[in-house]
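A short worksheet on the structure shown next.
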Amino acid sequence: MTSHRSPDSEAFEQMVKPHLSYLYGLALRLSANATEAEDLVQEALLKAFRAFPGLRNRERPRLWLTRVITSCHYDRVRAGQPGRQTVSLDDETNFDLFDKIVDEDPFPYSDRVHLDFIELFDDARIVEVLRGLHPEYRAAVILAYVYGYTAREISEITASPQGTVLARLSRGRRQLERGLWDYAVEHRLIPRAEVRA
Amino acid sequence: MITCKEAVERLWDYLDRSLDRVEEAVLDAHLSACRHCCGELEFGRRIRAMLRGLDRMAELAPEVQARLEGFLSGLGEQP
């Protein structure tokens, strides 16, 4: 049996295909694991495909696809699939990683303690920490600091006021700092902190 | 003048270049006199560089790529 595709389907495929790796990479950072990421990409592709005939401006497909996949991510969060969150929401507000490292002095013989701390984290560990953030903050932090979108673009992507985006970024940064410290302690990357954490 | 706490709260916005001119000038003045906040600024810069490094293309395994491309090709297919 032969199958037929509409011109829209072919145009959609042509537009989206070059962005599949990007979409999967973004999904992988938003989601709890690779399986969930693949599901998220498929869900976003379906949603984008349905919206494609009404899409007037096709000049910035990546931004549009980012909007669609982020929206799917938020839908999942609202439906109770937060993609794992482990960093406490209560105490990150006043947490300052720079000062914490000075206070705890996890590398007593080093004169570059902050750099030593950062060097504990390879890509896989950072992704783990990001997965521990509150999902709303996680999306904002990933879009801003991994992909370099401006607060204004994130406001457009997430359909949120710019003030909300800035607040999410601010809280997300604090959670990230707290998450980095907690990760280092929990995984015994900083021996002295075991005693004081 | 601003306190170190106020300065630290604005460092990432400073790095984003999202402060207005006056706020930026106030922070510049603080940074020129505060070694601690300069350290925080450099630390923030390093954390951002670490995050930015994740922008590298994710390893899209061939089987995942094949599944996603298959899914994409199947959209809108009518028997």
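As they're listed, the protein sequences go chains A and B. Per my numbering: the first sequence ends with 197, consecutive numbering throughout. Per my numbering: the second sequence ends with 1079, consecutive numbering throughout. Where a beta carbon is used, it is the ideal one built from N, C-alpha and C, also for glycine.
Item, Value
"In whole angstroms, what is the alpha-carbon distance linking Phe-1043 (chain B) and Thr-158 (chain A)?", "29 Å"
"For Ile-1002 (chain B) versus His-1030 (chain B), is the C-beta spacing smaller than 8 Å?", "yes"
"Excluding sequence positions up to five away, which residues of its chain have a Cβ less than 8 Å from the Cβ of Leu-120 (chain A)?", "Ala-184, Leu-189 and Ile-190"
"Tell me, please, whether the CB atom of Gly-1039 (chain B) is closer than 8 Å to any CB atom in chain A?", "yes"
"Using DSSP's beta-bridge definition, name the partner residues of Pro-5 (chain A).", "A small correction: the amino acid at residue 5 (chain A) is Arg; Pro does not occupy that position in the sequence shown. Paired residues: B:Glu-1077."
"Residue ranges of each alpha helix (DSSP H) run of no fewer than 4 residues wholly in the segment 36-108 of chain A, ordered along the chain?", "61-78 and 97-104"
"Please classify Asp-123 (chain A): is it buried, with 16 or more other beta-carbons within 10 angstroms of its beta-carbon, or exposed?", "exposed"
"Counting beta carbon pairs with one atom in the segment 132-144 of chain A and one in the segment 164-172 of chain A, are three or more of them shorter than 8 Å?", "yes"
"Keeping to the same chain, check which residues put their C-beta closer than 8 Å to that of Leu-28 (chain A); ignore five residues upstream and five downstream.", "Ala-34, Ala-37 and Val-127"
"To the nearest angstrom, report how far apart Arg-78 (chain A) and Ser-71 (chain A) are at their CA atoms.", "10 Å"
"Give me the residue from A:Gln-42, A:Val-41 and A:Trp-64 with the minimum Cα distance to Phe-52 (chain A).", "A:Trp-64"
"Where do the N-terminal and C-terminal ends of the alpha helix (DSSP H) with Ile-118 (chain A) fall, by residue?", "113-118"
"Decide if the segment 105-119 of chain A is in contact with the segment 146-158 of chain A; the criterion is three or more beta carbon pairs, one per stretch, under 8 Å apart.", "no"
"For Lys-17 (chain A), go through chain B and note every residue whose CB falls closer than 8 Å to its CB, in chain order.", "Glu-1069 and Leu-1072"
"If you follow the alpha helix (DSSP H) that Ser-170 (chain A) is part of, which residue opens it and which one closes it?", "162-186"
"Compute the distance between the beta-carbons of Glu-1077 (chain B) and Arg-5 (chain A), then report whether it is under 8 Å.", "yes"
"Among the candidates A:Pro-135, A:Lys-17 and A:Asp-8, whose CA atom is the shortest distance from the CA of Arg-1067 (chain B)?", "A:Lys-17"
"Between A:Arg-76, A:Leu-176 and A:Asp-182, which lies nearest to Trp-1012 (chain B) when the distance is taken from Cα to Cα?", "A:Leu-176"
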